[in-house]
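Protein chains: 2
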Amino acid sequence: MSNLYRLRDFVVAATRAIDGEPPDEAAQLARIRPLLAELIAQDDWLPPDYAIPGPDYYRQYLLHADPLARLSVVSFVWGPGQRTPVHDHRVWGLVGVLRGAEISTSYFASPGGALIAGATERLERGDVTAVSPRLGDIHTVANAYDDRTSISIHVYGGNIGAVARAVFDPATGAQKPFISGYSNTAVPNLWSHGETGRRSS
Amino acid sequence: MSNLYRLRDFVVAATRAIDGEPPDEAAQLARIRPLLAELIAQDDWLPPDYAIPGPDYYRQYLLHADPLARLSVVSFVWGPGQRTPVHDHRVWGLVGVLRGAEISTSYFASPGGALIAGATERLERGDVTAVSPRLGDIHTVANAYDDRTSISIHVYGGNIGAVARAVFDPATGAQKPFISGYSNTAVPNLWSHGETGRRSS
Ligand SMILES: [Fe+3]
Ligand SMILES: [Fe+3]
Ligand SMILES: [Mg+2]
Numbered sequence: 000m001s002n003l004y005r006l007r008d009f010v011v012a013a014t015r016a017i018d019g020e021p022p023d024e025a026a027q028l029a030r031i032r033p034l035l036a037e038l039i040a041q042d043d044w045l046p047p048d049y050a051i052p053g054p055d056y057y058r059q060y061l062l063h064a065d066p067l068a069r070l071s072v073v074s075f076v077w078g079p080g081q082r083t084p085v086h087d088h089r090v091w092g093l094v095g096v097l098r099g100a101e102i103s104t105s106y107f108a109s110p111g112g113a114l115i116a117g118a119t120e121r122l123e124r125g126d127v128t129a130v131s132p133r134l135g136d137i138h139t140v141a142n143a144y145d146d147r148t149s150i151s152i153h154v155y156g157g158n159i160g161a162v163a164r165a166v167f168d169p170a171t172g173a174q175k176p177f178i179s180g181y182s183n184t185a186v187p188n189l190w191s192h193g194e195t196g197r198r199s200s
Numbered sequence: 000m001s002n003l004y005r006l007r008d009f010v011v012a013a014t015r016a017i018d019g020e021p022p023d024e025a026a027q028l029a030r031i032r033p034l035l036a037e038l039i040a041q042d043d044w045l046p047p048d049y050a051i052p053g054p055d056y057y058r059q060y061l062l063h064a065d066p067l068a069r070l071s072v073v074s075f076v077w078g079p080g081q082r083t084p085v086h087d088h089r090v091w092g093l094v095g096v097l098r099g100a101e102i103s104t105s106y107f108a109s110p111g112g113a114l115i116a117g118a119t120e121r122l123e124r125g126d127v128t129a130v131s132p133r134l135g136d137i138h139t140v141a142n143a144y145d146d147r148t149s150i151s152i153h154v155y156g157g158n159i160g161a162v163a164r165a166v167f168d169p170a171t172g173a174q175k176p177f178i179s180g181y182s183n184t185a186v187p188n189l190w191s192h193g194e195t196g197r198r199s200s
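Protein chains in written order, with numbering that gives the first Met the number 0: chain H, 0 to 200; chain G, 0 to 200.
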């Protein structure tokens, strides 16, 4: 699990893909999606501290945040049978499965206010899917397994842990304010090697 | 020591000061120096994990690195009597004393090759000084105390832990290649609160 350079290279490439570019959701998703697919194609880089399931609830470990809040990268760790409430994001998000498998279910508002479950996607290891206000922003994610941990790597077009968003009661459509925070007080040091910024002059 | 928002605010402001700007050393130093002075004016934000001295050598804990290697922020922790070898940087650097006091001594090449000690500066808590290839890039830094820990916060115009630079034998001027790395495998999570990047549309 020591190939942390894969995460570093992803963060560098994803930052380059947004830095100095207009904040265009479709363009950002198109640029970053293949980078995430490449990152999760190998499961040999996530440090063990960011892969520990919680006893009762899923955990979300921040791996990297852009200081200008244009990007965050999060390890979601699902213990057996764990799942999110119905929730939204309010920024674009990409979900890539690193280990195990997950079930993502979309929800849509009905005229009466209740939320109706739409498509259910089973995401296997290596699969990537997207959410956003434009594409459909309300869903649940659940571990596909009730006997093992699954892990997905999520990338968002903002600092998702600090976004004021909502969880929903699907029966009524009622919203509750939701700021997720993160499960961790320290993030991986990606920078012991690699790019230096030194100019050769 | 829980006012970590001070470090977050510094990182955001320093990133804004360089993002989209030409890599002009004098301009970057002029913009970031007062931000560092403000950061070190209060000693209530550095998490204890990044303030632990080593038994034999000084430690350098990465606090933040820009993925595009335009900036790094490092906590240097000096046990009693600890000091650096004579070394250079090859990028601009700012040194601000957070706790205790330090002695910085500049070196200059003599015609015969040996390095001559120049000015010695005693930096008290709250003081900021600069180094760079343009201003004078070779120095030593030492804890001013032999009975207590001192800590300084350094900011560099690159990822200093990965820069290929040199340590010197001052008697002969002989150089040895030097890549410092960092003492820590995890950096503080600054992003549990604060800027979100969410657009209000
Ligand atoms: Fe989600
Ligand atoms: Fe130095
Ligand atoms: Mg670019």
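Positions of the beta carbon are idealized from the N, C-alpha and C atoms, including for glycine.
In this text, all values refer to a predicted model and were calculated from it rather than measured experimentally.
Residue i versus residue j: straight-line alpha-carbon distance, rounded
{"i": "P33(H)", "j": "T104(G)", "result": "50 angstroms"}
{"i": "D18(G)", "j": "G157(H)", "result": "17 angstroms"}
{"i": "R164(G)", "j": "V85(G)", "result": "11 angstroms"}
{"i": "R58(G)", "j": "S74(G)", "result": "8 angstroms"}
{"i": "V140(G)", "j": "T83(G)", "result": "6 angstroms"}
{"i": "V11(H)", "j": "A170(G)", "result": "41 angstroms"}
{"i": "W44(H)", "j": "L97(H)", "result": "10 angstroms"}
{"i": "L67(G)", "j": "P176(H)", "result": "35 angstroms"}
{"i": "S199(G)", "j": "V162(H)", "result": "With a pLDDT of only 41 at S199(G), under the threshold of 50, the placement of this residue in the model should not be trusted; the figure read from the coordinates follows. Between S199(G) and V162(H), the C-alpha separation is close to 11 angstroms."}
{"i": "E120(G)", "j": "F167(G)", "result": "20 angstroms"}
{"i": "A64(H)", "j": "V186(G)", "result": "12 angstroms"}
{"i": "D146(G)", "j": "Y56(G)", "result": "15 angstroms"}
{"i": "Q81(H)", "j": "Y106(H)", "result": "19 angstroms"}
{"i": "I31(H)", "j": "Y60(H)", "result": "20 angstroms"}
{"i": "N142(H)", "j": "D8(H)", "result": "28 angstroms"}
{"i": "D48(G)", "j": "A116(H)", "result": "46 angstroms"}
{"i": "P22(H)", "j": "P79(G)", "result": "49 angstroms"}
Cβ distance (whole Å) where residue i is taken to contact residue j below 8 angstroms
{"i": "G201(G)", "j": "Y144(G)", "result": "The displayed coordinates of chain G run from 0 to 200. Any statement about residue 201(G) would go beyond what the structure contains."}
{"i": "L62(H)", "j": "L3(H)", "result": "Going by Cβ atoms, the distance from L62(H) to L3(H) rounds to 10 angstroms, so no, they are not a contact pair."}
{"i": "E24(G)", "j": "S182(G)", "result": "Incorrect: roughly 27 angstroms between the Cβ atoms, too far for contact."}
{"i": "T184(G)", "j": "V76(G)", "result": "Not really, about 16 angstroms apart at Cβ, beyond 8 angstroms."}
{"i": "A26(G)", "j": "E20(G)", "result": "7 angstroms"}
{"i": "A71(H)", "j": "I178(H)", "result": "The sequence shown places Ser at residue 71(H), not Ala. With a Cβ gap of about 13 angstroms, S71(H) and I178(H) do not count as contacting."}
Residues that residue i contacts on chain C, provided the C-beta gap is smaller than 7 angstroms
{"i": "L61(H)", "result": "This model lacks chain C altogether; the protein chains it does include are H and G."}
Within the chosen definition, does the region 111 to 122 of chain G reach the region 47 to 57 of chain G through at least 3 CB pairs nearer than 8 angstroms?
no
Does the contact criterion of 3 or more C-beta pairs under 8 angstroms hold for the region 177 to 193 of chain G versus the region 126 to 146 of chain G?
no
For the pair the region 34 to 50 of chain H and the region 122 to 133 of chain H, tell me if three or more CB-CB distances fall below 8 angstroms.
yes
Does the region 148 to 156 of chain H come close enough to the region 87 to 99 of chain H that 3 or more CB-CB pairs lie under 8 angstroms?
yes
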